[in-house]
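Sequence lines, in order, name chains A and B. Following my numbering, the residues of the first sequence are numbered contiguously, the last one being 523. Following my numbering, the residues of the second sequence are numbered contiguously, the last one being 523. A quick write-up on the structure given underneath.
There are 2 protein chains.
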Amino acid sequence: MGSLSTDMIENNPAAFPVNPLDPEEFRRQGHMVIDFLADYYREVGKYPVRSQVEPGYLHKCIPESAPNQPESIETILKDVQSHIVPGLTHWQSPNYFAYFPSSGSTAGFLGEMLSTGFNIVGFNWMSSPAATELESIVMDWLGNMLKLPKSFLFSGGGGGVLQGTTCEAILCTLTAARDKMLHKIGRDQIGKLVVYGSDQTHCALQKAAQIAGIHPANFRAVQTFKFDSFGLSPVELKKQVEADVAAGLVPLFLCATVGTTSSTAVDFLPGLCKVAAEYGMWVHVDAAYAGSACICPEFRHFIDGVEDADSFSFNAHKWFFTTLDCCCLWVKNPNALIQALSTNPEYLKNKATESKQVVDYKDWQIALSRRFRSLKLWLVLRSYGVANLRNFLRSHVKMAKVFEGLISLDARFEVVVPRYFATVCFRLVCSSDEINGGNEDVNEVNNEINKRLLEMINASGNIYMTHAVIGGIYVIRFAVGATLTEESHVRDAWKLVQHHANLFVALKAQGLKIV
Amino acid sequence: MGSLSTDMIENNPAAFPVNPLDPEEFRRQGHMVIDFLADYYREVGKYPVRSQVEPGYLHKCIPESAPNQPESIETILKDVQSHIVPGLTHWQSPNYFAYFPSSGSTAGFLGEMLSTGFNIVGFNWMSSPAATELESIVMDWLGNMLKLPKSFLFSGGGGGVLQGTTCEAILCTLTAARDKMLHKIGRDQIGKLVVYGSDQTHCALQKAAQIAGIHPANFRAVQTFKFDSFGLSPVELKKQVEADVAAGLVPLFLCATVGTTSSTAVDFLPGLCKVAAEYGMWVHVDAAYAGSACICPEFRHFIDGVEDADSFSFNAHKWFFTTLDCCCLWVKNPNALIQALSTNPEYLKNKATESKQVVDYKDWQIALSRRFRSLKLWLVLRSYGVANLRNFLRSHVKMAKVFEGLISLDARFEVVVPRYFATVCFRLVCSSDEINGGNEDVNEVNNEINKRLLEMINASGNIYMTHAVIGGIYVIRFAVGATLTEESHVRDAWKLVQHHANLFVALKAQGLKIV
């Protein structure tokens, strides 16, 4: 201990004696940070969930330039506590119900520690065989848990790969689909390719299309409707595709979503895959959020039809206890990925690759370098076991149901779209005669009321929720899934929502114009 | 302790009592993994550096499917030691001299731990203000350390962003350049855009061009020559650009490299930027490896000319003690990135973004989600301080010089290209009359000899080096930079190279055909 004495070093820089990977110093400092984080998890429920700092706050706390001399870990951790923690929005708080969860776990954390500690760069098999092989095995494990058709598994000629995020998974599959198509119709036809999603599809699709050089005019966000619960309808898709074909364009790629970001809507895979098949389109199924739940038999039907898709992905870093980033992607035809994304420079050539007995994952993704991500997934699967993982997910769904039940007991509120998983979309509804004598657009006023209500609640710091606009309706999203959340937090959250709603009612009773 | 008793749980799954983020269980298991890794660093020098397993080895050690019931961390760590560690190629070994380093450090590791522990998803400012603000501050710190022109810093209207890898940095800047150009010449002209690098440029450029929809026929790997030390010559570039313009094509993007992967060659930035400016091309400077060294005044001249480039990147995860992944990218014109990569879905709208007072890094990169990577860079800069970081890098360069000196004392070997940084490219040279009576192509035979020599050395497991082919010459690359490497390891490595070379001489003396 004490070998990093700051005084000694600052007075005599040349004496800095410790190798940056000295095992004993690593041990000492590592234990300190573990304790720091354990204390953080103990306290995180007490912090304001949404950070309350103002833009530019950190500039006032931090020097203009990097220090010339070393600083001790004790000093740094003090600064983390006093300068960084207040600037965090606490995704691990039990009172976090915003966006979708970023569900951490001890096992996921430990897996990341091992991966970071080994710090290998697993671009090909040779660069660390364990990284490639564990990834292939774990992706088959997980594929089986999801009852993916065998054609998506290595054992059935397909295969799985860990990407960072869904954005990357979509960009890779879209590039593969694009090049397969251009190989057929000619490179110069890139301007004719059309990409399809719905108006509920995550913005990742449009961005991927943009990066991949699809003409911006050829991106289709097909309209969805309330009577379809905002799922993409095969009929609407077909209409759009037919119009495009008639205009001389070439349908390329459909991204179907199971569990959209706004409202967890589910696109109807069987019908969509049928339309796509007619026109030779690649179908990617994005189940970023809801895919996790599909390891439970009672939720598996949401991905029925996936057998006719070309690729499927979900984010283990969302609702599967595996820390960011960890997107699980399976493809039926790895060669399409490899043909679009492979490189074979001399400096990476090696016997194992030449033997063609190994997977080189660099050819399945955008980047060359890759972390040993499968370790964290392996640790999560083993530390908790399939039975408990299912139960954890079910407990979140159950809590969302409790919240839904509480809403239904308060006539001022409504649940706006069906709840399929652990996310509830609701709003406060004022009737037309309640609103300033009925002279204003009711929906617009309700939208504004809910916007203000949400901002008041979030500003309190007690809980954090976010919003969406679905079919013109502003909804508050309540997404259960933070690992530390228990039913009591959900019940307290509802009380808080009611409390703030009461403030609106009180304002109205005073005759004040509330929006 | 004992709350995770495996027996109890397996006999009664419903009793599984511990929240996956229970602070005390996190603490207990976290300390175990810290000790595991500290022991790993103590022992890593004893492991075979390049993994010695055969393809498919792991399938024999691991069950066919995920366990239904939880397993203890003790069991899992035993499996990590017995099944995973043998399948690692040990990038942290002091005897690792392959590719480029993946230089870990305690500070980098701790920063990653904090980032993983907080597990925030920092797509925009609001999602965790500290993540965005620390990144901007640290990128300005680092930009100043590199003496980048002010126009690359936030304080001068540009800005820095942490990407995962250089591949992503190039893809983002290329997409920005592409869209800026297409905005001018029309979307339909995408087939005319030309991307330039040299025949030494990293394969990331070609892959990025491929993904971004650049016509494969319009990718130029301009030839380099030994008399230019394999740096890209402005004269050669200009010849190629002129030919393309004459053919009706549109020069778009030049990736210039400072420290190429094969031989750490340096492209001549001032002349190249001049040519690029004449034709309105975007210049990206890829200093993935060598950028780190440029924080030392004596190496800074290698990036002279960067002031005329549009973007600059280097990998802190290579040779800057920051664990994978961490690529530092600066751009002069963040708006070009933002215009190409921004998305603005309703569900991410928030007051801070609307105020335009904040950076939303999601619009500077491919993915939406992003980890809190700046923490690890901040910890590295503060824990070691600028003076020591410079000294660490200098010590690696000094060790490479020692190795170079040892080579020069053995007349059988030659250093093939100038050594600029901490990587030495060398080979064993047999003269024509030594080689089977001079009847064979001398260079080809020497290439084969060095290939076999390298394979023998690597198969020993004592050290690990890799190769490149530069101007038709097969060279062995000796890259110093693993954090634990000391001069004794370098001297031992040289003895090992000599020992294996002696075996060749012995074989020859016995009149055996050695290739």
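Even glycine gets a Cβ: it sits at the ideal position worked out from N, Cα and C.
State buried or exposed for Phe235/B, treating a residue as buried only when at least 16 other CB atoms are found within 10 Å of its CB.
For the purposes of this step, residue 235/B is identified with residue 227 of the second sequence, where counting begins at 1. So Phe235/B ends up on the exposed side.
Quick check: Gly95/A and Ser59/A, are their CB atoms within less than 8 angstroms of each other?
Numbered from its first residue, the first sequence carries residue 95/A at position 87. Numbered from its first residue, the first sequence carries residue 59/A at position 51. It is a contact, given that the beta carbons lie within the stated cut-off.
Which residues in chain A sit within 7 angstroms of Leu332/B, going by Cβ to Cβ distance?
For the purposes of this step, residue 332/B is identified with residue 324 of the second sequence, where counting begins at 1. Those are Asn127, Val129, Ser377, Arg379, listed as they occur along chain A.
At what residues does the beta strand (DSSP E) containing Gly168/B begin and finish?
Against the second sequence, residue 168/B aligns to sequence position 160. Run containing Gly168/B: 167-171, per the beta strand (DSSP E) assignment.
Enumerate in chain order the residues of its own chain whose CB-to-CB distance from Asn458/A is below 8 angstroms, with the five nearest sequence positions on each side excluded.
Mapped onto the first sequence, residue 458/A falls at position 450. The residues are Arg435, Leu436, His475, Tyr482, Val483, Ile484.
Could you spell out where the beta strand (DSSP E) holding Glu79/A opens and where it closes?
Taking the first sequence and counting its residues from 1, one reaches residue 79/A at position 71. It is not in any beta strand (DSSP E) - Glu79/A carries neither H nor E in the DSSP assignment.
Which residues does DSSP list as the beta-bridge partners of Cys263/A?
Looking up residue 263/A in the first sequence gives position 255. Answer is His292/A, bridged to Cys263/A.
Beta-carbon contacts of Ala430/A that lie in its chain and below 6 angstroms, excluding the five residues immediately before and after
Within the first sequence, residue 430/A is the residue found at index 422, counting from 1. Excluding residues within five positions, the ones whose Cβ falls inside 6 angstroms are His404, Val405, Ala408, Val488, Gly489.
Using DSSP with H/G/I as helix, E/B as strand and the rest coil, what is Glu62/A?
Start at 1 with the first residue of the first sequence, and residue 62/A comes out as number 54. Note: Glu62/A maps to coil in three-state DSSP.
Bridge partners - Val339/A, DSSP secondary structure assignment:
By one-based count along the first sequence, residue 339/A stands at place 331. For Val339/A, which the question treats as bridged, DSSP gives the partners Gly167/A, Ser319/A.
Alpha carbon to alpha carbon, how far is Glu62/B from Leu154/A?
Along the second sequence, read from residue 1 onward, the residue named residue 62/B stands at position 54. Along the first sequence, read from residue 1 onward, the residue named residue 154/A stands at position 146. Cα to Cα, the separation comes out at about 30 angstroms.
Could you check whether the stretch 346-353 of chain A touches the stretch 160-172 of chain A, counting it as contact only if at least three pairs of C-beta atoms, one from each stretch, sit closer than 8 angstroms?
no
Would you say the stretch 368-388 of chain B touches the stretch 498-516 of chain A, given that touching needs at least three Cβ pairs under 8 angstroms?
no
Using 10 angstroms around the beta-carbon of Val258/A, count the other beta-carbons present and answer buried if the total reaches 16, otherwise exposed.
Along the first sequence, read from residue 1 onward, the residue named residue 258/A stands at position 250. With 16 or more Cβ atoms within 10 Å of its Cβ, Val258/A is classed as buried.
The stretch 318-333 of chain B contacting the stretch 417-425 of chain B, beta-carbon criterion three pairs below 8 angstroms:
no
Going by beta carbon distance, what residues of the same chain come within less than 7 angstroms of Gln66/A, once the five residues before and after it are set aside?
Taking the first sequence and counting its residues from 1, the one referred to as residue 66/A is at position 58. Looking at the sequence itself, residue 66/A is Leu, so the reference to Gln does not match. Once the five neighbours on either side are set aside, the close Cβ partners of Leu66/A are His91, Gly95.
Going by CA-CA distance only, name the one from Ser321/B, Ser300/B, Thr232/B that's closest to Pro109/B.
Along the second sequence, one-based indexing puts residue 109/B at 101. Nearest option by C-alpha distance: Ser300/B.
Along the beta strand (DSSP E) that carries His39/A, what are the first and last residues, could you check?
Residue mapping note: residue 39/A aligns to position 31 of the first sequence, counting from 1. Premise fails: His39/A lies in the alpha helix (DSSP H), 31-51, not in any beta strand (DSSP E).
Hey, out of Asp371/A, Leu417/A, Ala264/A, Gly267/A, whose CA is closest to Gln506/A's CA?
Here residue 506/A is taken as the residue at index 498 of the first sequence, counted from 1. Considering only alpha carbons, the answer is Leu417/A.
Over what stretch of residues does the alpha helix (DSSP H) that includes Phe117/B continue unbroken?
Counting from one through the second sequence, the residue named residue 117/B turns up at place 109. Its alpha helix (DSSP H) spans residues 114-126.
Within 7 angstroms of chain B by C-beta, residues of the stretch 185-212 of chain A in sequence order:
Arg195, Asp196, Ile198, Gly199, Cys211, Ala212
Nearest CA to the CA of Pro278/B: which residue from Asp252/B, Ser439/B, Ile311/B, Phe307/B?
As a working mapping, residue 278/B is identified with position 270 in the second sequence. Among Asp252/B, Ser439/B, Ile311/B, Phe307/B, the Cα nearest to that of Pro278/B is on Ile311/B.
Identify, in the order they occur along the chain, each residue of the same chain with its Cβ nearer than 8 angstroms to the Cβ of Gln248/B, setting aside the five sequence neighbours on each side.
For the purposes of this step, residue 248/B is taken as the residue at position 240 of the second sequence. Excluding residues within five positions, the ones whose Cβ falls inside 8 angstroms are Tyr204, Arg228, Val230.
Let me check one thing: in DSSP terms, what residues is Phe434/B bridge-paired to?
Along the second sequence, read from residue 1 onward, the residue named residue 434/B stands at position 426. Looking at the DSSP assignment, Phe434/B forms a beta bridge with Val423/B, Ile484/B.
Is there contact between the stretch 365-380 of chain B and the stretch 170-180 of chain B, where contact requires at least three CB pairs shorter than 8 angstroms?
yes
Between Phe261/A and Ala295/A, how many whole angstroms is the CB-CB distance? I'm expecting something under 8 angstroms.
Here residue 261/A refers to the residue found at position 253 when the first sequence is read from its first residue. Here residue 295/A refers to the residue found at position 287 when the first sequence is read from its first residue. 17 angstroms between Cβ atoms; not a contact.
Closer than 8 angstroms is the cut-off here; do at least three beta carbon pairs connect the stretch 349-368 of chain A with the stretch 188-206 of chain A?
no
Alpha carbons only, please: which of Lys68/B, Ile42/B, Asn76/B, Gln518/B is nearest the one belonging to Asn396/A?
Numbered from 1 along the first sequence, position 388 holds the residue referred to as residue 396/A. Per the Cα distances, Asn76/B.
Compile a chain-ordered list of the residues in the stretch 29-42 of chain A whose CB is closer than 8 angstroms to at least one CB of chain B.
Leu29, Asp30, Pro31, Glu32, Glu33, Phe34, Arg35, Gln37, Gly38, His39, Val41, Ile42
Identify, in the order they occur along the chain, each residue of the same chain with its Cβ nearer than 7 angstroms to the Cβ of Asn20/B, setting aside the five sequence neighbours on each side.
Here the question's residue 20/B lines up with position 12 in the second sequence. Because Asn20/B sits at a pLDDT of 44, beneath the cut-off of 50, its placement in the model cannot be relied upon, and the following sentence gives the value as read from the coordinates. There are no such residues.
Per DSSP, which residues does His475/A bridge with? Please list them.
For this step, residue 475/A is matched to residue 467 along the first sequence. Note: His475/A sits in a beta bridge opposite Ile484/A.
Closest by C-alpha distance to Lys364/A, when choosing among Asp47/A, Gly125/A, Trp133/A:
Residue 364/A sits at position 356 when you count from the first residue of the first sequence. Checking every option, the nearest Cα to that of Lys364/A belongs to Trp133/A.
Just curious, the alpha helix (DSSP H) that Phe400/A is in, first and last residue?
On the first sequence, position 392 is the one that residue 400/A refers to. Unbroken alpha helix (DSSP H) run through Phe400/A: 382-416.
Which residues, in order along the stretch 494-506 of chain B, keep a beta-carbon less than 7 angstroms from a beta-carbon of chain A?
none
Where the beta strand (DSSP E) containing Ser206/B begins and where it ends
Here residue 206/B corresponds to residue number 198 of the second sequence, with the count starting at 1. Start and end: 201-206.
I need the DSSP call for Phe227/B, collapsed to helix, strand or coil.
Taking the first residue of the second sequence as 1, we reach residue 227/B at position 219. Three-state DSSP puts Phe227/B in a strand.
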